[in-house]
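Contents: one structure, followed by commentary.
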Amino acid sequence: MKIAIAQVESASDKKKNLKKAALYAEKAKRDGANFVVFPEGFMANTSLSNLKPADVAEPIDGNFIKELSNIAKSNQIYIVCGVFETNPRDSSSCYNVAVVINKRGETVYSYRKTHLFDAFTSKESDRFLTGSEPPEVIETEYGKIGLLICYEIRFPELTRRLALQKADVVIVPTAWVAGNMKEYHWNTLLKARAIENTLYIVGAGQIGNNNAGNSMIVDPMGVVKANAGEIESLIIANIDSKRTISVREKLPSLSNRNPGLY
């Protein structure tokens, strides 16, 4: 399985973002990727306008995802992307969501963020509703995929739950806000989640809009296989099941667990 990260800056105009998605999906396919991952909130940037996420949110079967589906289908590639989903009961609120679209253009999974970023002076719960269902592993023809969104990488229970469901890789669309120690935390947390669960972690970050970028793909031993730094770019790495098996033979921490103690 080859996964590409499109480390990009999201515009406030959804049409511009869709054009960018088409360009990066095409490039990822040319480079041999089976998946291309876009950051958290890629649908539209509302940080530099008077808009709220709820103002630009759409249902999962709305136009933005339909257009992403067309891009996935035309390029025969999976797309993982951060979007804002409308609340069917109240249009003034919405969910922060990651969707998985298969290469046939079908939305096979959507995950509503369950741990909102109420930290470092931010209060995401002022803008979003909290998801009520934990992330689940989805099976694809290339392997088993788990999803988290941004801040949730700080909660080891979530990644461990996905690891115990036999995820081969956990994908984390992100808009990681820059700041004192924040980039250090990001680097450390991605590696820690990979090492303690002996699986691949794919952290796809936004740039611009005070976001740190630094997207990376980390293998089960904590080795960084690809890193995008601070610029808009596409990075790609192979998710190698043989590497996972080899690491788990050396480091059988999952099988050495003693759940009766905790």
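Using the numbering used here, the first residue of the sequence shown is number 15, and each one after it goes up by one. Idealized CB from N, CA, C, for every residue including glycine.
Tell me whether the beta-carbon of residue i lies closer than 7 Å to the beta-carbon of residue j.
{"i": "Val-61", "j": "Asn-223", "result": "Note that residue 61 is Ser in the sequence shown here, rather than Val. Result yes, Cβ atoms of Ser-61 and Asn-223 sit closer than 7 Å."}
{"i": "Asn-225", "j": "Ala-189", "result": "yes"}
{"i": "Ala-68", "j": "Leu-248", "result": "no"}
{"i": "Gly-145", "j": "Arg-126", "result": "yes"}
{"i": "Tyr-165", "j": "His-199", "result": "no"}
{"i": "Lys-16", "j": "Ala-39", "result": "no"}
{"i": "Val-183", "j": "Ile-253", "result": "yes"}
{"i": "Ala-181", "j": "Lys-196", "result": "no"}
{"i": "Ile-221", "j": "Glu-54", "result": "no"}
{"i": "Val-151", "j": "Ile-93", "result": "no"}
At the level of alpha carbons, what is the spacing between residue i and residue j?
{"i": "Lys-256", "j": "Pro-234", "result": "11 Å"}
{"i": "Arg-44", "j": "Gln-90", "result": "11 Å"}
{"i": "Pro-187", "j": "Leu-162", "result": "7 Å"}
{"i": "Phe-142", "j": "Ser-107", "result": "6 Å"}
{"i": "Ala-35", "j": "Ala-71", "result": "18 Å"}
{"i": "Asn-59", "j": "Lys-28", "result": "9 Å"}
{"i": "Ser-105", "j": "Val-238", "result": "41 Å"}
{"i": "Pro-149", "j": "Leu-172", "result": "8 Å"}
{"i": "Glu-138", "j": "Thr-100", "result": "16 Å"}
{"i": "Ile-115", "j": "Leu-37", "result": "17 Å"}
{"i": "Lys-41", "j": "Pro-273", "result": "44 Å"}
{"i": "Ala-242", "j": "Thr-202", "result": "16 Å"}
{"i": "Phe-131", "j": "Glu-155", "result": "33 Å"}
{"i": "Leu-275", "j": "Ser-269", "result": "14 Å"}
{"i": "Asp-75", "j": "Pro-102", "result": "12 Å"}
{"i": "Ala-208", "j": "Val-261", "result": "11 Å"}
{"i": "Asp-140", "j": "Tyr-109", "result": "11 Å"}
{"i": "Ala-206", "j": "Phe-52", "result": "22 Å"}
{"i": "Glu-153", "j": "Val-113", "result": "14 Å"}
{"i": "Lys-87", "j": "Ser-136", "result": "37 Å"}
{"i": "Glu-147", "j": "Arg-175", "result": "13 Å"}
Short of 7 Å in beta carbon distance, which residues of its chain neighbour residue i, apart from the five on each side in sequence? Order them along the chain.
{"i": "Ser-63", "result": "Ser-26"}
{"i": "Asn-279", "result": "Because the chain spans 15 through 276 in this model, residue 279 falls outside it and cannot be assessed."}
{"i": "Glu-246", "result": "Gln-21, Val-22, Glu-23 and Ile-221"}
{"i": "Phe-14", "result": "No information on residue 14 is available, as it lies outside the stretch 15 to 276 that the chain covers here."}
Using a Cβ-Cβ cut-off of 8 Å (strictly less than) and excluding sequence neighbours within five positions of residue i, which residues of its own chain qualify?
{"i": "Leu-204", "result": "Ile-167, Val-186, Ile-215, Gly-217, Met-230 and Val-232"}
{"i": "Phe-134", "result": "Val-191, Gly-193 and Lys-196"}
{"i": "Leu-65", "result": "Ser-26 and Ala-58"}
{"i": "Gln-179", "result": "Glu-150, Val-151, Lys-158 and Gly-160"}
{"i": "Phe-56", "result": "Val-22, Ser-24, Asn-31, Ala-35, Cys-95, Gly-96, Val-97, Pro-187 and Gln-220"}
Residues in its own chain within less than 6 Å of residue i by CB, not counting five upstream and five downstream?
{"i": "Val-111", "result": "Val-97, Glu-99, Ser-124 and Arg-126"}
{"i": "Leu-32", "result": "Glu-81"}
{"i": "Thr-258", "result": "Pro-234"}
{"i": "Ala-251", "result": "Ile-231, Lys-239 and Ala-240"}
{"i": "Gly-236", "result": "Lys-205, Ala-208 and Ile-209"}
{"i": "Glu-244", "result": "Gly-227"}
{"i": "Pro-73", "result": "Thr-100"}
Say whether chain D places a C-beta atom closer than 7 Å to the C-beta of residue i.
{"i": "Glu-81", "result": "In the structure shown, chain D does not exist; there is a single protein chain."}
Review point. Three or more C-beta pairs closer than 8 Å, one from the stretch 263-273 and one from the stretch 210-220: is that the case here?
Key: yes
Check your understanding: What are the uninterrupted segments assigned as beta strand (DSSP E) that are 3 or more residues long and contained completely in the stretch 40-76, given in chain order?
Key -> If we require 3 residues or more, the beta strand (DSSP E) runs fully inside the stretch 40-76 come out as 49-51.
Review point. Taking one C-beta from the stretch 64-84 and one from the stretch 106-122 each time, how about it: are there three or more such pairs within less than 8 Å?
Key: yes
Exercise for review: Taking only runs that begin and end inside the stretch 174-260, name each unbroken alpha helix (DSSP H) of 4 or more residues, in chain order.
Suggested key: Runs of the alpha helix (DSSP H) inside the stretch 174-260: 196-211.
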